[in-house]
Structure formats: structure tokens, C-alpha cells
Amino acid sequence: MSISLKDIQAPIAQEMELFEKKFRASMKTKVLLLDRIMSYIVKRKGKQMRPMFVFFTAKLFHEHIDEPTYRGAALIELLHTATLVHDDVVDDANYRRGFFSVNALWKNKIAVLVGDYLLSKGLLLSLQNDDYALLKIVSNAVKEMSEGELLQIEKARRLDITEDVYFDIIRQKTASLIASCCAVGAASAGATPEEVEKARLFGEKVGIAFQIKDDLFDYGTAEIGKPVGIDIKEKKMTLPLIHALREADWLTKRRVIYNVKNNNGDNKRVQQVIDFVKQSGGISYTIKVMNQYHAEALEILRTFPISPSRTSLEQLISYTIEREK
12 MSISLKDIQA PIAQEMELFE KKFRASMKTK VLLLDRIMSY IVKRKGKQMR
62 PMFVFFTAKL FHEHIDEPTY RGAALIELLH TATLVHDDVV DDANYRRGFF
112 SVNALWKNKI AVLVGDYLLS KGLLLSLQND DYALLKIVSN AVKEMSEGEL
162 LQIEKARRLD ITEDVYFDII RQKTASLIAS CCAVGAASAG ATPEEVEKAR
212 LFGEKVGIAF QIKDDLFDYG TAEIGKPVGI DIKEKKMTLP LIHALREADW
262 LTKRRVIYNV KNNNGDNKRV QQVIDFVKQS GGISYTIKVM NQYHAEALEI
312 LRTFPISPSR TSLEQLISYT IEREK
């Protein structure tokens, strides 16, 4: 990795610090149990790429970050955190980013209520400040994320995901969130509807490349990252496998699908699927597609005037496909 996330974040370090203070303050509540849980959630923050996309995109249109942009970033964090808390309940997950999940520590009922609380906080933040345009963008992203998750669940039962369906799923599940970050950044800085749409499309391309990179980790394409074979164990059809199956003969395809359907966490069967994908060109094809989305995102970004923010966004999207975790 040629540049770290901390280096990329440097031009907006002050804005990010102020945002964190504002976000922490917005999470305070008089209910002791809820306040304790909110403090725990804030402490578990990840790479903070979402607010970075919001701020850098806003700076493409207006160099100074104003209150609407801080509120837009907070709205995305609130609504996205709500979906993560609910996801952990649905998935019966005990960990999130290496920490215990809310449902693991406080049980499902409290976790669902916490998710509802975060959702309502986001809605109120927008309504109290008349940020209707921002609320529309983020609410649409949450709708897309839910639809994408349900589409994946539906298709996972039959393992009949085509490449087109795969892209529908990741566009909705992952790319819609980064797209909304960029659209919110643009809208909060006074961009025209056409400029907001261009920023949204840029974010969507980045989000697709980001998810493809995540899918590659499942095949051990980096020394660091999520454990190898998790997607296969969970019967998730991702691009490397979809492409490899498309190129395979009928008998091989049948054997591999049987191994995916009936792996039951068996590492030997999972490794057989990984080996098949690597030998069938699934990895090289997927890297090629990821690089294509990266190039398309850059092409859109470079229609904006040259500026320090544009340079930072170029670095940020390069980071998304070069990262090793």
C-alpha cells in the first residue's frame, strides 16, 4: 500500500475531529442503559471511510465544510449503524469489527430497540433541520441495502446467481451506501441535482469495486483480511465463483455446487472450491472487473475541477482496491 488511510485523511483531519465530537454529542441520552450502549458503539468506530467520502465530495463544490455537511455525515452514520445493529441480530453474530456485537452483550431485544433508536435519531436530525434532500438520499440507500440483502438470501437458497444478479446485489447492499455518502456530500455543499447524481454515480462505482475487493479476500488474495472461505461456508455466490462456474463443464459445475451446498463448514470441501476457482481463472477475471470499475470511477471524478479534494478522493478509491484488510 503506497499511502495509508491516515495520510489520505490528513487534509480533513480537523473536520473529522470536529465531526467525531458532534457525533458523540448527538448520541448522548438521559436513559442510562442506552447511554452506555451508545458510548460502546461510538468507541467501536472503524476506518471512518463514510464521513471521509462525505467531506471530500463536499469539498469538490465548496472548500469550507458547513453544518449541513456535518449533519449529512452524522445522518449516514446513524442510519448505517442502525442497519448494522439489526444485521447482527438477523445473523446471530457475536462480533463486529473484532468487538462484541450489541446483541451479544445486551441480547436481541435490546439490540433491536437500539437499532430503532438510532434510526429515529437520524430521522429527527434531518427533520429538525429541514434537511429533506439529504434524508431522501440516505433513506433510499437504506431501502436499497435491505432489498439487496433480501435478494441475496432468496438467491442463496438455490445458488443460481448470475453475474447480472450478483451486480444487482452488491450495487444495492454495498455500493448504495458509498453512493449516498458522495451524493450527501455534494447536496450538502449546494451542488445542482445533475452534480449530485454524478457524485452518486461516482460513489456507486467505488462501492462496487470495494465489494469486489472484499470478495477476493475470501480466496486468500492477501495475507491479511477476513478468514479464507467464509463466503463459501455461508453459501454466498461471489464473482470469482460465478465466473469459474460459467466457464466449467456440466459435471464439474455440478460437483462444485454440491460442495458449496453441502460444505457444512468442512475446510477440505471449501478448499476444493477455492482451488477450482483459482485454476479456472476466477481470480484474474475478478481483478480485471474490479480495475474496470476503478477506472470508471476515476473517469467520473476527473470531470470535476482539479483540487486537493479531488486528489484525496483519487487516493481514497485507490486505497479501496489496494487495501489488505
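Heads up, the sequence shown is in my numbering, so the first residue is 12 and it goes up one at a time.
Ideal Cβ positions, reconstructed from N, Cα and C, are used throughout, including at glycine.
All figures in this text were calculated on a predicted structure; none of them were measured in a lab.
> Can the beta-carbon of Ala190 be found less than 8 Å from the beta-carbon of Gly214?
Replying inline: yes
> Are three or more beta carbon pairs between the region 284 to 302 and the region 24 to 44 nearer than 8 Å?
Replying inline: no
> Hey, quick one: how far does the alpha helix (DSSP H) through Tyr230 stretch, first residue to last?
Replying inline: Here Tyr230 belongs to no alpha helix (DSSP H), and DSSP marks it neither H nor E.
> Mind checking Leu136: buried by the 16 CB within 10 Å criterion, or exposed?
Replying inline: buried
>> Shorter than 7 Å, the distance from the beta carbon of Leu124 to the closest heavy atom of the ligand SAM, or not?
In response: Among the components of this structure there are no ligands whatsoever, and the ligand SAM is therefore not found.
>> Contact between the region 251 to 265 and the region 172 to 185 is defined here as three or more beta-carbon pairs at a separation below 8 Å; is this criterion met?
In response: yes
> In chain order, what residues of the same chain lie with their CB nearer than 6 Å to the CB of Val96, ignoring the 5 residues before and after it?
Replying inline: Val113, Ala122, Val125, Gly126
> Is Val42 helix, strand or coil by DSSP?
Replying inline: coil
> Exposed or buried, which one is Ile76 when buried takes at least 16 other CB atoms within 10 Å?
Replying inline: buried
> Between which two residues does the alpha helix (DSSP H) containing Ala186 stretch?
Replying inline: Ala186 -> no alpha helix (DSSP H), and no H or E assigned at all.
> On the three-state DSSP scale, how would you describe Lys17?
Replying inline: helix
>> How far does the alpha helix (DSSP H) with Pro22 in it extend, from its first residue to its last?
In response: Segment: none, Pro22 is in no alpha helix (DSSP H) and carries neither H nor E.
> How many angstroms separate the CA atom of Leu134 from the CA atom of Arg321?
Replying inline: 30 Å
> Which whole-angstrom value is the C-beta distance of Leu16 and Lys58, which I expect to be below 8 Å?
Replying inline: 6 Å
> At what residues does the alpha helix (DSSP H) containing Asn273 begin and finish?
Replying inline: Premise fails: Asn273 is in no alpha helix (DSSP H) and is neither H nor E.
> In whole angstroms, what separates the C-alpha of Met63 from that of Glu206?
Replying inline: 19 Å
> Whose CA, out of Ala69, Ile253, Glu88, lies closest to the CA of Met49?
Replying inline: Glu88
>> Here's the rule: buried if 16 or more other CB atoms are within 10 angstroms of the residue's CB, otherwise exposed. What is Ala194?
In response: buried
> Thinking C-alpha only, which one of Asp141, Leu129, Ala200 is nearest Phe66?
Replying inline: Ala200
>> Give me, in chain order, the residues of the same chain whose beta-carbon lies closer than 6 Å to that of Ala152; leave out the 5 immediate sequence neighbours on both sides.
In response: Ser187, Leu188, Ser191
> Mapping DSSP to helix, strand and coil, what is Asp127?
Replying inline: helix
> Whose CA, out of Arg61, His73, Asp46, lies closest to the CA of Pro319?
Replying inline: His73
>> Just verifying my parser: in three-state terms, what is the DSSP assignment at Arg55?
In response: coil
> CB-CB under 8 Å to Ile311, same chain, minus the five flanking residues each way: which ones, in chain order?
Replying inline: Lys209, Leu212, Phe213, Lys216
> Rounded to the nearest angstrom, how far is the Cβ of Thr297 from that of Leu250, given a contact under 8 Å?
Replying inline: 5 Å
>> Quick check on this structure: which residue in Leu309, Leu327, Lys118 has the alpha carbon closest to the alpha carbon of Met60?
In response: Leu327
>> For a test of the three-state rule: what should DSSP assign to Arg169, helix, strand or coil?
In response: coil
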